[in-house]
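S.K.: In our numbering, the protein residues as written are 384 to 622. All C-beta atoms, glycine included, are put in the ideal place defined by N, C-alpha and C.
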Amino acid sequence: AMIFTMKPAVLLAIFLSTWPMCGRAERPYFGAEPGALEKAKQAIAAGDPVLVGALKKLKQDAEKALLVAPTAVTEKKKLPPSGDAHDYMSLAPYFWPDPAQPKGLPYLRKDGEVNPESRELAANDTLRVRALAATVEALSLAYYFTGEEKYAAHAAQHLRVWFLAPATRMNPNLKFAQAVLGVNDGRGTGIIEARGLAVSADAAILLLGSKAWTKDDQVAVERWGDQYYAWLLRSKNGQ
């Protein structure tokens with residue numbers, strides 16, 4: 384299944400957050416404090432029983448992630464208002480059809496109640512970006528701690544499909560995120576869904592050194608991030 388619930392390396396993350404700062408990190412990975420990954424790796428090598436157990440859990444998550452096929456925004460069946468499948472699109476989760484209106488428009492807010500329409504893969508990229516984040520994070524951390532190329536190769540494949548490949552890459556904007564039908568085509572609030580993009584793009588740095596992820600690949604993802612940042616600064620929704 385493409386979508387599955389996964390919290391990679393929960394124990395490891397807890398312990399990473401407790402490691403003291405130890406100088407500048409070799410890699411600017413924002414998912415942990417500077418130096419935390421290096422120190423955790425040293426502790427695992429020394430046989431720390433808790434972190435060895437956390438690494439075992441991480442590898443289990445990574446093995447599951449190896450079974451997840453790469454996904455892309457271009458998979459949705461319904462096109463966004465732009466007519467471009469490369470544009471991210473989703474519906475606001477807490478808005479429902481108005482039963483008093485013939486076509487249910489405009490949608491009405493029901494705070495805390497998720498409309499299943501907002502999770503349908505045919506018209507929403509929400510679950511795809513969540514799967515991307517969970518999968519790439521688990522695989523990248525597993526590669527960092529084990530050096531096993533299979534994890535890096537599969538993470539790189541996910542990153543290329545989502546961010547880089549011309550046929551499938553996401554356009555660097557969220558202008559059609561969390562639309563309210565009958566009211567707008569997308570909202571600034573929808574930018575909260577970018578957290579999945581942040582997690583996956585951040586984890587990419589952990590793949591450097593593998594055969595599967597080159598410096599050129601890393602530069603290309605960072606260039607995508609530059610373009611997305613420019614959209615945030617200049618667009619109505621971003622502002």
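Just verifying my parser: in three-state terms, what is the DSSP assignment at L616?
M.R.: L616: helix per DSSP, three-state reduction.
S.K.: Just the C-alpha distance for Y534 and G571, rounded to the nearest angstrom, thanks.
M.R.: Those two C-alpha atoms are separated by around 35 Å.
S.K.: With a CB to CB cut of under 6 Å and the five nearest residues on each side skipped, what residues in its chain are close to A613?
M.R.: Nothing meets the Cβ criterion.
S.K.: Give the range of the beta strand (DSSP E) segment to which Q561 is assigned.
M.R.: Note, Q561: beta strand (DSSP E), F559 to A562.
S.K.: Which residue from V497, L462 and P463 puts its Cα closest to that of W479?
M.R.: Checking every option, the nearest Cα to that of W479 belongs to V497.
S.K.: Which partner residues of F478 appear in the DSSP bridge assignment?
M.R.: Beta-bridge pairing links F478 to R492.
S.K.: Is Q610 near P555, with beta carbons less than 8 Å apart?
M.R.: Going by C-beta atoms, Q610 is nearer than 8 Å to P555.
S.K.: If you reduce the DSSP assignment to three classes, tell me which class S465 lands in.
M.R.: Coil, per DSSP.
S.K.: Could you round the C-beta distance between F528 and K424 to whole angstroms and report it? I think they count as a contact, below 8 Å.
M.R.: Contact holds; Cβ gap of about 6 Å.
S.K.: Any chance you could list the alpha helix (DSSP H) runs of at least 4 consecutive residues sitting entirely within the region 406-435, in chain order?
M.R.: As far as the region 406-435 is concerned, its whole alpha helix (DSSP H) runs of at least 4 residues are 419-428.
S.K.: Between K447 and L522, what straight-line distance do the alpha-carbon atoms span, to the nearest angstrom?
M.R.: Going by the C-alpha atoms only, they are around 9 Å apart.
S.K.: Check L589 in the structure and name its three-state DSSP category.
M.R.: Helix.
S.K.: Does DSSP classify L394 as helix, strand or coil?
M.R.: Confidence is the limiting factor: at L394 the pLDDT is only 36, short of 50, which leaves the residue's position unreliable, though a coordinate-based value still follows. Three-state result, L394: helix.
S.K.: Helix, strand or coil: which one does DSSP assign to M404?
M.R.: Confidence at M404 is low in this model, with a pLDDT of 36, below 50, so the placement of that residue is unreliable and no value is reported for it.
S.K.: From T401 to E416, what distance separates their C-alpha atoms?
M.R.: In this prediction, T401 has a pLDDT of 37, which is less than 50 and means its spatial position is unreliable; nothing more can be read from the coordinates.
S.K.: Mind checking whether L510 and R502 have CB atoms under 8 Å apart?
M.R.: Closer than 8 Å, so yes.
S.K.: Between the C-alpha atoms of D470 and A586, what's the straight-line distance to the nearest angstrom?
M.R.: Roughly 23 Å separates the two Cα atoms.
S.K.: Counting Cβ pairs, one atom from each stretch, are 3 or more of them under 8 Å apart for the region 480-496 and the region 572-580?
M.R.: No, the region 480-496 does not touch the region 572-580.
S.K.: When you compare only the Cα positions, how much space is there between T597 and F559?
M.R.: Each residue's alpha carbon lies about 32 Å from the other.
S.K.: With respect to the alpha helix (DSSP H) encompassing R502, which residues constitute its N-terminal and C-terminal limits?
M.R.: Looking at the DSSP string, R502 is not in any alpha helix (DSSP H), and its letter there is neither H nor E.
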